[in-house]
Structure formats: structure tokens, C-alpha cells
Amino acid sequence: MRESRTKEGPFPLRLFYEAKEIDDICLDALRSSKCLPSEPSPIKIDLFLEKYFQVVVAYEELGPGIMGSTVFNAKGAVTGILIAPWIEEEGTPTAERRVRSTLAHEGGHGLLHSKLFIAEQTGDLFTRHNPAPNTPRNFLCRNSDISPTAVAIPKYDGQWWEWQANRAIGGLLLPKPLVRRLVDQFTEKTEFGSLLKETLRTKAEAEVAETFEVNPVVARIRLQEIFPPEKNWLQ
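Just add 4 to wherever you are in the sequence shown, counting from 1, and you've got the numbering used here.
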């Protein structure tokens, strides 16, 4: 991770992560909390958040359009993870999987962005005045912020912190070693390594979505990251 001082946006620091760094951070956190399954299966993301950050995930109304929030104290420690109850009111598998993505997004903030909330270096955070010691600070993540499709365009402009948290959705819900193990049946061995057969990509996406309990768009984007389409690696 690299960082630089900035006068743009709400934070005095700008953090830069490579995609592999985010994957490694997520995988290490799952392992250290003993929440990484031995075989491909759904990650118990709520249990992971509670064990790793030592907080209780709470459902709370957060305001119009706000899906989740990660709360930090002045030392940069996560003190709360909040989820809006309306995002699962439909009671459908799609809604339940949307909750899982939201929890993973908030976990991404917790894993990647604690440094932004340390009081001695963020005295002008958000409101540009000195907050009282130990005043909680938080992200408020809206529907437009939590979108796995955003990871397809890895830009660090705009709300770069939301892009990074979205990138952690794949790292936490679809750990590379487990995805590779599951998708091995759909690959072929070549001089470039194991490549996903394009004729089986759709079937592999469906298998990943069902096995890990994520929505199809999350599975599709993650497979594009791990097994780029042939048109990409042939260029």
C-alpha cells in the first residue's frame, strides 16, 4: 500500500492498493479469524466481521438510500458495522445475497481504511475542523457506492475508497484459492496455465454464484479477474 497527502476529497490521505494486495489482505483476515472454509462454500461473512473486528453487526435505519456504515474511533479501530434492514426486506435469495455483498463492502472499509480515521493525522476529516477525542467517524455507503460492477474499472479518482471496498467484496466472499478449486473442472491446462474454457464460462459463473451464495454479477466479475477472457490474454 502506498499513501500520499491530498487536499482533494474528504480525507487528508489517499491510499493506493494493488488488486493483489486487497486479495491478500482479505485472505489473511479470513484465515486469522478461522473463517476460511477448507472447501468451496459460502463465507460466513457476518461471523467473520464479528470475530475479526470484535463488534456486533447491527441492523439500523441509516437514512434514505444508505445501505451500510462502518464506524471507527479516533485510534482507527472499527467499533461498529451497521446494515440497513430494508435491503433484505424482500426476503428473496437475491436480497439475502445483496446483504452479504454489503457486509463484505463494509468489511473492506474496515480492513483497508482504518488509517484514514486516526485522529492525529485526520484532524480535518470531513468537516475540516478538529473533532473531539474519541469521536466516532464512519463511512455512509449508499446503493450507488456498493456496486461490484465498479471493480471492472480500477480508477483511483473520485471516491477511490468506495472502489477499494467494492474490490474487497470479491476478496472476502470469493477467495481466490477456493474459487480456483471449484472452477478447476471448467478449465484446461495450457502453456499459459489453467484457463477457463470460454464455452463453459457461463456455467462456471452459475456454479460460483450458487456455491458461494453471491449474486451472478459478483460471480461474473470475480471470474473475469481470476480467469480473464481469452480476448484479453491473447492480446
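We put the CB at the ideal spot given by N, CA and C, even for glycine.
Exercise. For Ile87, is the classification buried or exposed, using 16 other Cβ atoms within 10 angstroms of its Cβ as the cut-off for buried?
Worked result: buried
Problem set entry | Terminal residues of the alpha helix (DSSP H) in which Ala213 lies | Arg205 to Phe216
Exercise. In the structure shown, what three-state DSSP assignment does Ser198 receive?
Worked result: Residue state, collapsed to three classes: strand.
Exercise. Out of curiosity, what's the CA-to-CA distance linking Gln163 and Gln58?
Worked result: 27 Å
For this session: Assuming Glu209 and Leu186 form a contact by the criterion Cβ under 8 Å, report the distance between their Cβ atoms to the nearest whole angstrom.
Result: Contact flag wrong, Cβ pair sits at about 11 Å.
Problem set entry | Phe20: first and last residue of the uninterrupted beta strand (DSSP E) it sits in | For Phe20, the enclosing beta strand (DSSP E) covers residues Leu17 to Phe20.
Exercise. Going straight from the alpha carbon of Gly175 to that of Pro220, what length do you get?
Worked result: The alpha-carbon separation between Gly175 and Pro220 amounts to approximately 16 Å.
Problem set entry | Delimiting residues of the beta strand (DSSP E) encompassing Gly72 | Counting along the chain, the beta strand (DSSP E) containing Gly72 begins and ends at Ile70 to Phe76.
Problem set entry | Distance, Gln189 Cα to Trp167 Cα | 31 Å
For this session: Could you say which of Ile230, Val218 and Cys145 lies nearest to Val75 if we only look at CA atoms?
Result: Among Ile230, Val218 and Cys145, the Cα nearest to that of Val75 belongs to Cys145.
Exercise. How far does the alpha helix (DSSP H) with Leu176 in it reach, from first residue to last?
Worked result: Counting along the chain, the alpha helix (DSSP H) containing Leu176 begins and ends at Trp164 to Leu177.
Exercise. Which residues in the same chain have their Cβ closer than 6 Å to the Cβ of Arg224, if we skip the five residues on either side of it in sequence?
Worked result: Same-chain partners within the cutoff: Glu209.
Problem set entry | Ser36 (DSSP reduced to helix, strand or coil) | In the three-state scheme derived from DSSP, where H, G and I count as helix and E and B as strand, Ser36 is classed as helix.
Exercise. Does the separation of the CB atoms of Ile26 and Arg184 fall below 8 Å?
Worked result: no
Exercise. So, using beta-carbon positions, are Ala108 and Ile173 closer together than 8 Å?
Worked result: It is a contact, given that the beta carbons lie within the stated cut-off.
Exercise. Can you name, in chain order, every residue of its own chain whose Cβ lies under 6 Å from the Cβ of Tyr56, other than the five neighbours on each side?
Worked result: Ala33 and Ser37
Problem set entry | Minimum C-alpha distance to Ser118 - residue among Gly84, Asp28 and Gly69 | Gly84
Problem set entry | Neighbourhood of Thr10 by C-beta, 8 Å cutoff - its chain only, sequence neighbours within 5 removed | Closer than 8 Å at the Cβ level, and outside the excluded window around Thr10, lie Pro16, Leu17 and Arg18.
Exercise. Are the Cβ atoms of Val103 and Glu92 separated by less than 8 Å?
Worked result: Yes, the Cβ-Cβ distance between Val103 and Glu92 is below 8 Å.
Exercise. So which of Pro179, Lys193 and Gly197 has the shortest CA-CA distance to Leu227?
Worked result: Pro179
Problem set entry | Short Cβ contact (8 Å threshold) for Val222 with Leu177 | Yes. Within cutoff.
For this session: Would you list the one or two residues that DSSP bridges to Lys193?
Result: Ser198
Problem set entry | Assigned exposure category for Val60 - 16 Cβ within 10 Å defines buried | exposed
Problem set entry | Host beta strand (DSSP E) of Leu144 (start-end) | Arg141 to Arg146
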